[in-house]
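Trainee: All residue numbers for the sequence shown refer to the working numbering, where the first residue is 338 and numbers rise by one. C-beta: ideal position from N, C-alpha, C; glycine also. This one's a predicted model, so the numbers in the text were calculated from it and none came from an experiment.
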Amino acid sequence: MFNSEKYISEVQVFSQTNKKNSEVINIALAFDNNYAMPAGVTISSVICNNPDVCLCFHLFVNTISPDNIERFKRLVSDTCCIKIYYLNDNFQINSETLVLNYLSIMSCVRFIIPDILKEQTKQFIYMDSDILCLKSMNTLFHIDLANNIAGVVSDDSVMKNAIKDLYSINSDKYFNAGVLVINTQLWAINNLTEKCMKMINDGNIYRFADQDVLNILLENKTTLLPIKYNTKIHISVSCKEEQLIAPYTVLLHYVTGYKPWYQTFDSNLFKKYFNLSPWRDTKRPLALKRSWLRHFAKYNFKKGKIATALKFYYLYLTKKKFLI
């Protein structure tokens with residue numbers, strides 16, 4: 338049997354005594370230090386909207402600052418445990434497969450998580466770090482996967498069309514891997530960690546990397562979940578798209594490289610949970626691309642926020658050296 342523990346150098350556990358006889362829900366995330374704050378906001382949103390649930394968050398990281406560790410520790414309570422798993426250099430992914438510029442090695446860590454957690458829980462939820470929880474996840478916590486390995490949410494037609502001629506799978510069943518409910522026992526029985534790691538490193542290029550690999554290996558082994566558990570959103574500077582999401586949305590997934598934690602996106606939803614998180618006294622990152630500064634200046638000028646507009650236009654003019 339494949340041993341994923343060879344990829345982990347250390348595990349830190351931060352917890353208080355959980356409420357007696359309480360069921361513990363296990364949730365896993367994987368990220369590097371650049372995504373520590375967004376991951377913390379994701380976790381804060383889950384805690385906020387599930388106040389009566391005992392939660393254990395399993396955080397898989399390669400690098401993380403002491404300051405961010407301290408902030409994650411502030412999330413710990415008698416209903417919230419934090420476990421941090423440090424990856425070592427044994428975890429290697431074929432860089433040619435990560436062809437899209439927004440993918441990193443951390444996107445493939447979900448391959449090893451079920452194998453590592455199989456002794457701790459029969460079922461857990463994996464979540465990307467660009468997701469906000471907006472409502473109770475109780476039904477998702479207790480979803481019955483029957484004899485399937487994972488619960489998944491179908492991807493949109495654009496993604497299905499993008500992969501339909503690439504692989505010999507039914508593209509109509511292609512799912513987004515940002516939210517997964519995984520049966521660890523069936524995952525282990527099917528030796529999926531080893532199969533995933535072998536496939537991602539087999540020399541072939543998978544357009545959407547880990548997501549394609551999971552779709553190939555889990556074909557006909559998944560339970561389809563409602564879209565409310567992984568509602569994709571493409572935001573613009575104004576984030577007006579947030580006002581159009583369905584009221585039943587439970588998990589909102591900010592796909593593409595436009596992320597709401599940058600100052601150049603006016604996301605009320607992200608700011609709400611950011612201000613509830615241990616990172617609320619930190620400065621949000623400015624922008625990933627220099628052009629975002631100009632777009633945000635123009636947006637604020639139209640809103641009559643002249644001071645903010647001038648500030649971001651000045652930044653646009655002066656930040657040429659370290660923004661794209």
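(1) Nearest-angstrom Cα distance between SER579 and LYS565?
(2) By the DSSP assignment, the alpha helix (DSSP H) with HIS632 in it spans what residues?
(3) From the DSSP output, read off the bridge partner residues of GLY488.
(4) Am I right that MET534 and LEU554 are in contact with their C-beta atoms under 8 Å? What's the rounded C-beta distance?
(5) Between the segment 539 to 558 and the segment 490 to 508, do three or more beta carbon pairs fall short of 8 Å?
(6) Report yes if the CB atom of VAL390 is closer than 8 Å to the CB atom of GLN460, and no otherwise.
(7) Please classify GLN548 as buried or exposed, where buried requires at least 16 neighbouring CB atoms within 10 angstroms.
(8) Curious, which full-length alpha helix (DSSP H) runs of at least 4 residues does the segment 527 to 590 contain?
(9) Taking the Cβ atom as the reference point for each residue, do PHE394 and ILE442 lie within a distance shorter than 8 Å?
(10) In whole angstroms, what is the alpha-carbon distance linking MET464 and ASN370?
(11) Under 8 Å, with one C-beta from each stretch per pair, do the segment 391 to 410 and the segment 420 to 429 reach the 3-pair mark?
(12) When you compare only the Cα positions, how much space is there between SER508 and GLU456?
(13) Apply the 10 Å Cβ neighbour rule to LYS596 and answer buried if 16 or more other Cβ atoms are within range, or exposed otherwise.
(14) DSSP has LEU392 in a bridge; who is on the other side?
(15) Helix, strand or coil, according to DSSP, for GLU456 in the structure here?
Mentor: Looking at the coordinates:
(1) For clarity, residue 579 is Glu in the given sequence; the question names Ser instead. Roughly 14 Å separates the two Cα atoms.
(2) 627 to 639
(3) VAL518, THR560
(4) Their Cβ separation, rounded to whole angstroms, is 11 Å, which puts MET534 and LEU554 out of contact at 8 Å.
(5) yes
(6) no
(7) buried
(8) 529 to 537, 546 to 554
(9) no
(10) 17 Å
(11) yes
(12) 34 Å
(13) buried
(14) ILE362, CYS417
(15) coil
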